[in-house]
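Contents: one structure, followed by commentary.
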Amino acid sequence: MSTEHCCCGYIHTGALIIGCLDIIFGTIGLLALVTRNGHYITGSASNIIIGGCIIYADKYHKPEGYLFYLIIGAFGIVFCTVVIICFVIMAIAVPDTLSNYTQDYGYGTQHKEIDSKTAIRVMFFFVAAVMAFLDWIAIWFWMVVYRAYQHMKGVEEYEYLNLRPNFVV
5 MSTEHCCCGY IHTGALIIGC LDIIFGTIGL LALVTRNGHY ITGSASNIII GGCIIYADKY
65 HKPEGYLFYL IIGAFGIVFC TVVIICFVIM AIAVPDTLSN YTQDYGYGTQ HKEIDSKTAI
125 RVMFFFVAAV MAFLDWIAIW FWMVVYRAYQ HMKGVEEYEY LNLRPNFVV
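Just so we're aligned: the sequence shown equals residues 5 to 173 in our numbering.
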């Protein structure tokens, strides 16, 4: 597979779409401030800044603009992977303290009672599966932006080599 293409055409188109998505979701997060739900203002503002950096890198052919997304995205992917592992471990070994705080969901003698440990296990596995899917999407986005960064770095080096004067000594 060429480093210049992804599923949506050229690799820079994919990175541009990711940057626009960051700006859109960041703006939606900032609009939540209007509804007095503003405890995520830092994350929303950083999404807008990261999306702006990607668009800047694409428009002005500056590969350094991709680095902010790549660094923050790598930390997020690692953190999400650790949380997924923790959820799977907690699903396998459900602590008794959690099952003590859940209520019995039995509906009398005609229905089976739901075991609270089983319900907690299912919940933990479900959360781990959803987070794994979202982590997979984040990894795919990160790879698209990384390939755009690599391509832009190659273009910048090519332009530098072709624009420098040739001195004959």
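Even for Gly, the Cβ is constructed at its ideal location relative to N, Cα and C.
- Per DSSP, Lys66 is not a residue of any alpha helix (DSSP H), being assigned neither H nor E.
- For the options Ile54, Gly55, Thr31, Gly56, the alpha carbon positioned closest to that of Tyr44 is the one of Thr31.
- With a cut-off of 8 angstroms on Cβ pairs, the segment 19-29 is in contact with the segment 43-63, counting three or more such pairs.
- The shortest C-alpha to C-alpha distance from Gly158 to any of Lys66, Leu34, Cys84 is the one to Lys66.
- For Ala97, the closest of Thr122, Tyr60, Ala49 by C-alpha to C-alpha distance is Thr122.
- Counting other Cβ atoms within 10 Å of its Cβ, Leu20 reaches 16 or more and is therefore classed as buried.
- The shortest CA-to-CA distance from Met94 to any of Ile141, Tyr60, Met135, Ile124 is the one to Ile124.
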